[in-house]
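Here's the structure we're looking at; comments come further down.
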Amino acid sequence: MIWKRVILRKLLRKKLTEKEKNLSMFLDQRIDPVGIQMKRKREDFNIMDQRIDIARKRSRKDFDTMDQTVDAMDRISQLPEPIIHHILSFLHTEDAARTSILSKKWKQMWESFPILDFDQRYFQVQDGEQHGSSKEKIQEIQNNKKFRNFVDYCLQSRLEQKFSIQKFRLYIASFDSELAPHMNRWISFANENNVKELDLHVQVKKYRRYSLPQTVLTAKTITELSLYGCKLKTCNDVQLSYLQKLCLKKIYVGGQKIQNLIRSCPLIEDLRLISCNGLRKLEVSTLLRLNRVEVHLCHGLKAVNIEAPDLQTFWFYRKKSMRPCEINLATCKSLKRLALEDPNMTDELFQKQLFNFPILEQLVLSKCSSLENIQILSQHLKSLTLRGCKNLVEAEIDSPNLLTFEYDGDKLPFSSMIPSGLLEAKLSFESLQKAKLGFCYGDDDFLWFAKLRGFLAKLNHSGGLKLVVRSKKNVIIHEDLGEILLPPLYNLKLEIIKSSMSFKDLLEYLLRTHHPETLCIVSSSTSKFIELIHEKLMNREEDTNCCRYYSKKCWRHYLKDVEIENFEVTEDIKNPSWNAWLKSIPTHLCQTTSFRLKWNSH
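In terms of full-length UniProt numbering, the sequence shown opens at residue 1 and continues consecutively.
Set out below in structure tokens:
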């Protein structure tokens, strides 16, 4: 790297000489040889000397900065090869390839880099072009050629190296018959270099599909195989003896294709079928190491029967328009994580399934609109999510070790639950119909709020939990759950935050995910929470360099102004109910401080 320093020094000396010449010419023009005083000459020359000294100091400073940059580059180059490869893994392949021109060592690092990720989308026509125009088609042909040349160039540099490939990913956004032989050659190269993880994503357009080479199904080194939109010709000769993870998306797997794959891959631990057609029945009984199964949106599927003693995770998603599917996991006694999205699943079917899993730790029920009254009795359950089960009226929950709970709906089916051990909870109540109609509160509504307050009152107050309440553009933070105050508003979103989260982290979390117009703090009279919040909001300008290296900026770059709300003077015209509620808070129970936040547009 010494040659880089020499070049930098020469450039700096050259710049300094030019500055000196310019200063001399400037001063020569001002010196009058006829009537000028010697004192004036000395002053001019002193000024010239001072300016030259300043220029030299600045140049030396610039050189020191550049030298530090070069030294930093030297230190990076001296890092061990695995660490440099790890750094390259965060770059797009095009950017990683450019590092090869830095030095011979960087060239060697790039050529031995075991991860190859080629994404055709980076070579696509930019947005704004007229769709389907002749200009766009010509540009697309040119860009596809650039993409092919780039992949060929990257692989050509590795022909003589014979390094093993850890991961080979190919994302094709615009497939045509001309591209197929190139893809065959690239995949063959990956197989010849003992690829372990192969990921092929081919966007489906009309009836054009890429036929997967048979050599992929006989590659004995592959441990992870992910296919999207490809065409499987036949699965009669499969030799993926080391395959551990198989993921198929938007692939026709009719006949015995999937069964042949499963029988020929005895070491599979992770099996995922997403939006696959042609499958009528999924039978799995020979995979003794199977740990995870996901079946999402597979049209035509009638039954899933899995016999796997070590299965720990099962996810099943289907739409209401799809035919019912019978699920049999009776022998999977080791299951710990279960996620179901099945609009046709009845109370009886759910209870039957749940009975089979005595050590279940995580349960997710999403959009199960046929559920009405269920029981969840589990000593081992730690996480429970009820999301979008719109007809669920009552959920009897007896799980003493439950740590996290999430609910999204407009009812309170869980009001009888005892949440004394909860560390975190997210409750989202969306009553859009009532909000749109300007609903007037009745006895049922006051009962609903009373149930919610009763549920929150059962939380472990000694645990130091914090409660965050959101409604549209307003946020309330309860530092203490001893006195819980809820505004009589619909569309409430509540979050119970674990005690280990600091005030600083809590504020960062809220303002990163939400830009409220009003931030209300409810705390005890002796609390320092308000001071910390006030200091954090007011001193935000001191952290202007917090996102220097990130394109997506944090909340500090968007917060325009902060004002402390005066309830006696300010009226919230947009939300009078919110303002009236703030005024009604009894001051003898707690102190309430509200910040009005003004944001710049993104």
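For every residue, glycine included, the Cβ atom is placed at its ideal position computed from N, Cα and C.
Owing to the predicted nature of the structure, the values given are computational and were not obtained by experimental measurement.
**Report entry** Endpoints, beta strand (DSSP E) assigned at L170
**Finding:** Residue 170 sits at position 170 when you count from the first residue of the sequence shown. Boundaries of the beta strand (DSSP E) around L170: K167 to I172.
Query raised in the report: What is the residue span of the alpha helix (DSSP H) that C154 lies within?
Result: Taking the first residue of the sequence shown as position 1, residue 154 is located at position 154. The continuous alpha helix (DSSP H) containing C154 extends over residues S134 to Q156.
Query raised in the report: Between K553, E565 and T593, which lies nearest to S601 when the distance is taken from Cα to Cα?
Result: For the purposes of this step, residue 601 is taken as the residue at position 601 of the sequence shown. From the listed residues K553, E565 and T593, the smallest Cα separation to S601 is found for K553.
Report task. Whole angstroms is fine: what's the gap from F350's alpha carbon to L365's? Result -> Your numbering for residue 350 matches position 350 in the sequence shown. Your numbering for residue 365 matches position 365 in the sequence shown. Computed Cα separation, rounded: 10 angstroms.
Query raised in the report: If you compare alpha carbons, which of L492, E495, L519 and F175 is closest to V475?
Result: If you number the sequence shown from 1, residue 475 lands on position 475. Answer by Cα proximity: L519.
Query raised in the report: Taking the alpha-carbon positions, what's the R209 to E535 distance?
Result: Numbered from its first residue, the sequence shown carries residue 209 at position 209. Numbered from its first residue, the sequence shown carries residue 535 at position 535. Pairing R209 with E535, the inter-Cα distance amounts to about 59 angstroms.
Requested in this report: Just tell me which of P181, S241 and I268 has its CA closest to the CA of P213.
Outcome: To locate residue 213, count along the sequence shown from 1; it is residue 213. Nearest of P181, S241 and I268 to P213, Cα basis: P181.
**Report entry** For F118: DSSP bridge partner residues
**Finding:** In the sequence shown, the residue the question calls residue 118 occupies position 118. Its beta-bridge partners are L170.
Query raised in the report: So what's V304 in DSSP terms, helix, strand or just coil?
Result: Within the sequence shown, residue 304 is the residue found at index 304, counting from 1. Residue state, collapsed to three classes: strand.
Requested in this report: Please find out if some non-hydrogen atom of the ligand SAH comes closer than 7 angstroms to the beta-carbon of D176.
Outcome: Judged by which ligands are present, the structure shown has none, so any question about the ligand SAH falls away.
Requested in this report: Kindly give me the distance between the Cβ atoms of I187 and V216, rounded to whole angstroms, as I take these residues to be in contact under 8 angstroms.
Outcome: By 1-based counting over the sequence shown, the position of residue 187 is 187. By 1-based counting over the sequence shown, the position of residue 216 is 216. The distance from the Cβ of I187 to that of V216 is about 6 angstroms, consistent with a contact at the 8 angstroms cut-off.
Query raised in the report: R169 and F123: beta carbons closer than 8 angstroms?
Result: Counting from one through the sequence shown, the residue named residue 169 turns up at place 169. Counting from one through the sequence shown, the residue named residue 123 turns up at place 123. F123 is positioned such that its CB atom lies no closer than 8 angstroms to that of R169.
Query raised in the report: Skipping 5 residues on each side, what residues in its chain have a beta carbon closer than 8 angstroms to that of M538?
Result: For this step, residue 538 is matched to residue 538 along the sequence shown. The answer, listed in chain order, is V562.
Report task. For L597, count neighbouring Cβ atoms within 10 angstroms of its own Cβ and tell me buried if that reaches 16, exposed if not. Result -> As a working note, residue 597 is residue 597 in the sequence shown. With 16 or more Cβ atoms within 10 Å of its Cβ, L597 is classed as buried.
Query raised in the report: Out of curiosity, what's the CA-to-CA distance linking F189 and D199?
Result: To locate residue 189, count along the sequence shown from 1; it is residue 189. To locate residue 199, count along the sequence shown from 1; it is residue 199. Taking the straight line joining both Cα atoms gives about 14 angstroms.
Query raised in the report: Any idea if D28 is buried or exposed, counting beta-carbon neighbours within 10 angstroms, 16 or more meaning buried?
Result: Taking the first residue of the sequence shown as position 1, residue 28 is located at position 28. The predicted position of D28 is uncertain, since its pLDDT is 40 and thus under 50; a value taken from the coordinates is nonetheless stated next. When all chains shown are included, D28 counts as exposed.
Query - Spatial neighbours of M501 in its chain, beta-carbon cut-off 8 angstroms, leaving aside the 5 residues before and after - result: Within the sequence shown, numbered from 1, the residue matching residue 501 stands at position 501. So the list reads K466 and Y509, once near-sequence residues are dropped.
Report task. Could you tell me if L193 is buried or exposed, where buried requires 16 or more neighbouring beta carbons within 10 angstroms of its beta carbon? Result -> By 1-based counting over the sequence shown, the position of residue 193 is 193. Looking at the sequence provided, one finds Asn at residue 193 rather than Leu. Under this definition N193 is a buried residue.
Query raised in the report: Under 8 angstroms, do P419 and K451 count as touching if we go by C-beta distance?
Result: For this step, residue 419 is matched to residue 419 along the sequence shown. For this step, residue 451 is matched to residue 451 along the sequence shown. Result no, Cβ atoms of P419 and K451 do not sit closer than 8 angstroms.
Query raised in the report: Considering only the beta carbon of each residue, do S285 and E269 sit closer than 8 angstroms?
Result: On the sequence shown, position 285 is the one that residue 285 refers to. On the sequence shown, position 269 is the one that residue 269 refers to. For the 8 angstroms CB-CB criterion, S285 and E269 do not form a contact.
Requested in this report: Please specify which runs of the beta strand (DSSP E), each continuous and at least 3 residues long, are wholly inside the stretch 261-337, giving them in chain order.
Outcome: Every unbroken stretch of the beta strand (DSSP E) spanning 3 or more residues and falling wholly within the stretch 261-337 is given here in chain order: 270-274, 281-284, 292-296, 303-306, 313-317 and 326-328.
Query raised in the report: Leaving out the 5 sequence neighbours to the left and right, which residues in its chain are closer than 6 angstroms to K498 when beta-carbon positions are compared?
Result: As a first step, residue 498 is located in the sequence shown; it is residue number 498 there, counting from the start. If we look at K498 and ignore the five residues flanking it on each side, its Cβ neighbours are L423 and E424.
Requested in this report: Give me the Cα-Cα distance between D408 and Y242, rounded to the nearest whole angstrom.
Outcome: As a first step, residue 408 must be located in the sequence shown, where it is residue number 408. As a first step, residue 242 must be located in the sequence shown, where it is residue number 242. C-alpha separation (whole angstroms): 42 angstroms.
Query - Identity of the residues DSSP links to D199 by a beta bridge - result: Along the sequence shown, read from residue 1 onward, the residue named residue 199 stands at position 199. D199 is bridged by DSSP to R169 and S226.
Query raised in the report: For H478, does the count of other Cβ atoms within 10 angstroms reach 16, so buried, or fall short, so exposed?
Result: By one-based count along the sequence shown, residue 478 stands at place 478. It counts as buried.
Report task. Would you mind giving the Cβ-Cβ distance between residue 674 and N328, rounded to the nearest angstrom? I have them listed as a contact below 8 angstroms. Result -> As displayed, the chain neither begins before 1 nor continues past 602, which places residue 674 out of reach and without an answer.
Query raised in the report: Which same chain residues, not among the five before or five after P324, have their C-beta less than 6 angstroms away from its C-beta?
Result: For this step, residue 324 is matched to residue 324 along the sequence shown. N344.
Query raised in the report: Which residues in the same chain have their Cβ closer than 7 angstroms to the Cβ of Q166, if we skip the five residues on either side of it in sequence?
Result: Residue 166 sits at position 166 when you count from the first residue of the sequence shown. Answer for Q166: P114, I115, K196 and E197, listed in chain order.
**Report entry** Coil, strand or helix - G255 by DSSP
**Finding:** Position 255 of the sequence shown holds residue 255. DSSP, read as helix, strand or coil, puts G255 in coil.
Query raised in the report: Apart from the five residues on each side of it in sequence, which residues of its chain come closer than 6 angstroms, Cβ to Cβ, to I274?
Result: Indexing the sequence shown from 1 puts residue 274 at position 274. Here the set comprises K249 and H296.
**Report entry** For Y509, the first and last residue of its enclosing beta strand (DSSP E)
**Finding:** Position 509 of the sequence shown, counted from the start, is the residue given in the question as residue 509. Unbroken run through Y509 is the alpha helix (DSSP H), F503 to T513; no beta strand (DSSP E).
**Report entry** the stretch 137-148 touching the stretch 156-165, judged by at least three CB pairs closer than 8 angstroms
**Finding:** The stretch 137-148, when compared against the stretch 156-165, does not touch it at the 8 angstroms Cβ threshold.
Requested in this report: Would you mind stating whether residue 624 and C368 have Cβ atoms separated by less than 8 angstroms?
Outcome: Residue 624 lies beyond the stretch modelled for the chain, which goes from 1 to 602, so this question has no answer here.
Report task. Decide if G229 is buried, meaning its Cβ has at least 16 other Cβ atoms within 10 Å, or exposed. Result -> Stepping through the sequence shown from its first residue, residue 229 is reached at position 229. Buried is the label assigned to G229, since at least 16 other Cβ atoms lie within 10 Å of its Cβ.
Report task. Report the residue from L392, L371, L506 and H380 whose alpha carbon sits nearest the alpha carbon of P400. Result -> Within the sequence shown, the letter at position 400 stands for residue 400. For the set L392, L371, L506 and H380, the Cα lying nearest the Cα of P400 is the one of H380.
Query - L384 vs F357 beta-carbon contact at 8 angstroms - result: As a working mapping, residue 384 is identified with position 384 in the sequence shown. As a working mapping, residue 357 is identified with position 357 in the sequence shown. No, the Cβ-Cβ distance between L384 and F357 is not below 8 angstroms.
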